[in-house]
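Start counting the sequence shown at 1108; every next residue gets the next number (this note's numbering). To start, the structure itself, in structure tokens.
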Amino acid sequence: MTDQTVAGAVAASGREILCLEVSPGDRAILRDLAARVAELAARPIEDEKRQLWYRHNSLEATRPLVFCDPENGWNEIIRPVDLRCSGELARQWEMRLRKEVFWGAVMKDDRVVEPLFPVSHVYSESDWGLHETRLGGDGGGSYTWDAPIKDIAADLPKLHFPQIRVDSEATARLMSLAEETLGDLLPVRLRTAWWWTLGMTWTLIRLRGLNQMMLDLLDDPEGLHRLMAFLRDGHLARLDFLESGGLLCLNNDGTYVGSGGFGWSHELPAPGFDGRVRACDMWGFAESQETIGVSPTMFGEFVLAYQLPVLERFGLNCYGCCEPVDRRWDLISRIPKLRRVSVSAWADVEAMAEMLGDRYIFSWKPRPADLATPHFDEAAIRQYVRSMLLATRDCRVEIIMKDNHTIAND
1108 MTDQTVAGAV AASGREILCL EVSPGDRAIL RDLAARVAEL AARPIEDEKR QLWYRHNSLE
1168 ATRPLVFCDP ENGWNEIIRP VDLRCSGELA RQWEMRLRKE VFWGAVMKDD RVVEPLFPVS
1228 HVYSESDWGL HETRLGGDGG GSYTWDAPIK DIAADLPKLH FPQIRVDSEA TARLMSLAEE
1288 TLGDLLPVRL RTAWWWTLGM TWTLIRLRGL NQMMLDLLDD PEGLHRLMAF LRDGHLARLD
1348 FLESGGLLCL NNDGTYVGSG GFGWSHELPA PGFDGRVRAC DMWGFAESQE TIGVSPTMFG
1408 EFVLAYQLPV LERFGLNCYG CCEPVDRRWD LISRIPKLRR VSVSAWADVE AMAEMLGDRY
1468 IFSWKPRPAD LATPHFDEAA IRQYVRSMLL ATRDCRVEII MKDNHTIAND
């Protein structure tokens, strides 16, 4: 199974492409799809949706916006057998174009079909000096891992900040190939998502292990503080490298931001923008799903305190994913320039509605299990959504359907 989540796409982006070519047959297939995308993008409704997102992201009152991301459900909607191209790169591009066509012609949610074709930098990135050993996970199944940090005091000196190496020549060749193949139909744009989350606890538990991290809160709090400080400094160094190298890309457009939603905003880039993108010109995002079992006090001390220096760099911020943030809201509300807040299926909707009001975007994530069952209970789902809308009638609501690992082949 191909990982079709945004986090998976970011992890796969930039990887070395072994064959930078598109055959004549594949080119014809891609051009037919690109022409269809351009046709969909030219519809007046796309600009209507775009303006809705601008208003919504500036906290104006609008109807609730809806974005449906099948994520791994794409493996059932557009199967490998449905792809007609033969080359590896062409099949990647074909999948992206077919998704655009499906969103615009079949899904018909509020996602804007854009008249462009984004291409990522080609790059490699080292690890933190130590790497976990993954056990299991074949075919998209469950897995565990052997975390490499066995003793913080002994192993912390073995860590180093990840290093990014951009292959400028391959990036230029990739851009040129995209221009030659599709550029007269869809303008090609260099748009790289260098991260999904800046939350750090995903990295923390891969290096230390979830169980051990929980024990460290009591058994080795100073060691955990040192490890989190190292991760914070590594994330800040990464931002500095990308910023100084002119590698950051604006995300104040149709770019997916946070754990769902789009970046359309007239508030970004920040004043003083001269064409070279800074973190302050962008949306930032962090979450900490792994620490849901940690008390708010410990979360504030061991997690948020290290996320704040990173999030302070950004012009607008998103926070949260699947973790219910209502129990942490007093702390999370301190994040500067916080705009989009995830309200997961495990959160107290009524409490979050009162907390967020019309001051933040209420980014509701319905439970994906309703789409994974063999029997689709439409009446129950309608009631579920209706109850949320009643509770949030004074909020700035978006409905983000995601985290689908299957849609039951329906």
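Beta carbons are placed, not taken as given, at the ideal position from N, Cα and C, and that holds for glycine.
One or two residues paired with residue i in a DSSP bridge
i	result
TRP1252	ARG1241
MET1508	CYS1175
VAL1448	TYR1426, PHE1469
LEU1297	VAL1226
VAL1273	TYR1230
ARG1503	ILE1468
For residue i, the first and last residue of its enclosing alpha helix (DSSP H)
i	result
PRO1151	1151–1164
GLY1330	1328–1351
PHE1209	1195–1209
TYR1491	1485–1498
GLU1221	Segment: none, GLU1221 is in no alpha helix (DSSP H) and carries neither H nor E.
VAL1144	1131–1148
ASP1477	1476–1479
ASP1110	Unbroken run through ASP1110: none, as it is neither H nor E.
ILE1514	Run containing ILE1514: none; DSSP gives neither H nor E here.
ALA1261	1259–1262
THR1310	1308–1315
VAL1213	It is not in any alpha helix (DSSP H) - VAL1213 carries neither H nor E in the DSSP assignment.
TRP1181	1181–1184
VAL1456	1456–1463
Sequence-distant residues of the same chain with beta carbon closer than 7 Å to residue i, five excluded per side
i	result
ARG1435	PRO1403, PHE1406
SER1120	SER1227, THR1299, ALA1300
MET1282	VAL1226, VAL1295, LEU1297
ARG1474	ALA1452
ALA1260	GLY1330
ARG1157	VAL1219, TRP1371
ALA1285	PHE1224, VAL1226, VAL1295
THR1304	PHE1392, ALA1393, GLU1394
VAL1113	TRP1303, TYR1363
Residue range of the unbroken beta strand (DSSP E) whose run includes residue i
i	result
GLU1167	Counting along the chain, GLU1167 falls outside any beta strand (DSSP E), and DSSP gives it neither H nor E.
PRO1225	1224–1226
Neighbour flag for residue i against chain C, beta carbons, 7 Å
i	result
VAL1208	Of the chains in the structure shown, none is chain C; there is only one protein chain.
Residues near residue i in its chain [Cβ-Cβ closer than 8 Å; skip 5 each side]
i	result
PRO1255	LEU1237, HIS1238, GLU1239, THR1240, ASP1262, LEU1314
ALA1377	ARG1385, CYS1387, ASP1388, GLY1422
PRO1269	GLU1232, SER1233, ASP1234, TRP1235, GLY1341, ARG1345
TYR1250	ARG1241, LEU1242, GLY1243, GLY1244
ASP1437	PRO1403
VAL1208	LEU1140, ARG1143, VAL1144, LEU1147
Sequence-distant residues of the same chain with beta carbon closer than 6 Å to residue i, five excluded per side
i	result
CYS1429	GLN1396, SER1451
LEU1166	ARG1503
ARG1170	none
ASN1424	GLY1391, LEU1418, ILE1442, LYS1444, LEU1445
Three or more C-beta pairs below 8 Å linking the stretch 1211–1218 and the stretch 1229–1238: no
Return the chain-ordered ranges of every alpha helix (DSSP H) run that is complete within the stretch 1355–1438 and spans a minimum of 4 residues. 1403–1406, 1412–1418
Spell out a yes or no on whether the stretch 1349–1368 and the stretch 1495–1515 are touching, meaning 3 or more CB-CB pairs, one atom from each, closer than 8 Å. yes
Take every Cβ of the stretch 1196–1214, pair it with every Cβ of the stretch 1129–1145, and state whether three or more of those distances are shorter than 8 Å. yes
The stretch 1479–1491 contacting the stretch 1444–1462, beta-carbon criterion three pairs below 8 Å: no
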